[in-house]
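Each remark here refers to the structure printed beneath this line.
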Amino acid sequence: MRHLVVAVLVPLILATVAGLIMLWPSGEQPSVDAGVRTDATILSIEPCPDAATAPQAGHDHGGQGQQGSQQCYEAGVRVDSGPDEGVETTVPLPFGAGAPEFSVGDEVVLGALPDAPLDSRYEVLDFQRSGSLIWLGALFAVAVVVLSGWKGLAALGGLLVSLGVLVVFVLPALLTGGDPLPVAVVGASVIMIVTLYLAHGVSVRTSIALIGTLVSLTLTGVLGTLFTSLAHFTGLVDHAASYLGTVDTDIDLRGLLLAGLVIGALGVLDDVTMTQSAAVWELAAADPAASRRSLFGAGLRIGREHVAATVNTLVLAYVGASLPLLMMFSVAGQGVTDAITTEAVAQEIVRALVGGLGIIAAVPVTTGLAVVAVRSKGHRPAGRRAGRQAQPSAARTPAAAD
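Numbered per our numbering, the sequence shown spans residues 129 to 530.
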């Protein structure tokens, strides 16, 4: 069985390396001048001295923040980065319906026109959120390591590898005109090979999960290609994708949608395949005399429960991402059929259902491979001998044997 696993995995790894070499991004990436961004801290907030103001519609912040989103305010800020670091100046704050409210002490991001006079050089673009994200990331990392120990640390390493592959290979390759589907497949292969072995160790059990992920991901890619074509998706309904199309007309927006589908499905598939492989190994260890048929049946029962929960989670995740869009259709008075057949919603439906089909396929494929692997290692004869020697103990604990 080890020879068979190696015979499958070595070509996969070699093909992945060849794909990386062939698809490695080359050439200049398209870029847009987004201006200069710099960090700043709000020191004070005062009404605009000469601006006409609308009736106030807000609440009092105790003199420390904006007094109303409908009134013009300006903030005294200290620039915390860039060539003007340490300089204090005044900037207008956004106001009007839906404008964010700022308070003294808030860290913000400023947009800058370097050649403009200091009093009109900066404008507030957004809140600076790096601090809160760093604290949340640190809390997540500590929780993972506390619960899972060294395996958790390895999983965090796998997460960093995944992000690195996306940033260093996938995004640059797509921006330089690479075919989205091959780029996504190669990137996903790198991610699943490195992260599975890093998080779970190099073993036959992990290799079986890797092969099951590959088979299921291939099915997901084929179904995604078929149904994005049948549904006549253009990829233009997403604002970011539409903007990319104006920046570089060589970017295949429909292929970009398909690439996102493949990479998004990978995150769920490796969870399902690793769980199924580990479950079969544990079942075989708990009952060494179990036949392949009984192991496969028990593994499928576990898989059904996992699929039921995972598919629901996957669909809810996509629905949650489209919730504002669904609300917009509801306000516009469109019926359910009209809403779900629009491209923006239909894309999420195809992603959820194609991803769900990949998950469903992953369970029997991985379970079957794991059963063949665990029973080909000679466990059953040893289990029979152990069973004969331990019969009195087994008789006293029928529930455990069952």
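The C-beta atom is built at its ideal place from N, Cα and C for all residues, glycine as well.
Cβ separation of residue i and residue j, assumed to be a contact under 8 Å, to the nearest whole Å
| i | j | result |
| --- | --- | --- |
| T169 | E235 | 6 Å |
| V482 | L385 | With a Cβ gap of about 11 Å, V482 and L385 do not count as contacting. |
| V318 | T495 | About 26 Å separates the two Cβ atoms, so there is no contact after all. |
| L326 | G286 | 5 Å |
CA-to-CA distance, residue j to residue i, given in whole angstroms
| i | j | result |
| --- | --- | --- |
| E471 | F361 | 7 Å |
| Q199 | P211 | 32 Å |
| V205 | L303 | 37 Å |
| G486 | G340 | 10 Å |
| L428 | G277 | 29 Å |
| L253 | V219 | 11 Å |
| I321 | V270 | 25 Å |
| K97 | G315 | The question about residue 97 has no answer here: the residues shown for the chain are numbered 129 through 530. |
| P492 | N440 | 19 Å |
| M402 | R333 | 8 Å |
| A474 | P416 | 48 Å |
| S260 | A445 | 23 Å |
| W152 | V293 | 11 Å |
Endpoints, the alpha helix (DSSP H) within which residue i is located
| i | result |
| --- | --- |
| H333 | Checking the displayed sequence, the identity of residue 333 turns out to be Arg instead of His. Note, R333: alpha helix (DSSP H), V332 to L358. |
| S290 | S258 to V293 |
| P310 | P308 to H328 |
| T401 | L381 to A414 |
Residue i burial status per 10 Å Cβ neighbour count (16 or more: buried)
| i | result |
| --- | --- |
| V274 | exposed |
| G329 | exposed |
| W263 | exposed |
| R421 | exposed |
| T469 | exposed |
| P308 | buried |
| A393 | buried |
| E174 | exposed |
| L345 | buried |
| V499 | buried |
| S231 | exposed |
| D398 | buried |
| L381 | buried |
Span of the beta strand (DSSP E) around residue i
| i | result |
| --- | --- |
| G239 | E235 to A240 |
| E174 | V164 to P175 |
| A203 | Y201 to V207 |
| L253 | Y250 to F255 |
| V502 | Looking at the DSSP string, V502 is not in any beta strand (DSSP E); the run it does join, the alpha helix (DSSP H), is E471 to R503. |
| I134 | According to the sequence shown, residue 134 is Val rather than Ile. Per DSSP, V134 belongs to no beta strand (DSSP E); it is in the alpha helix (DSSP H), R130 to L151. |
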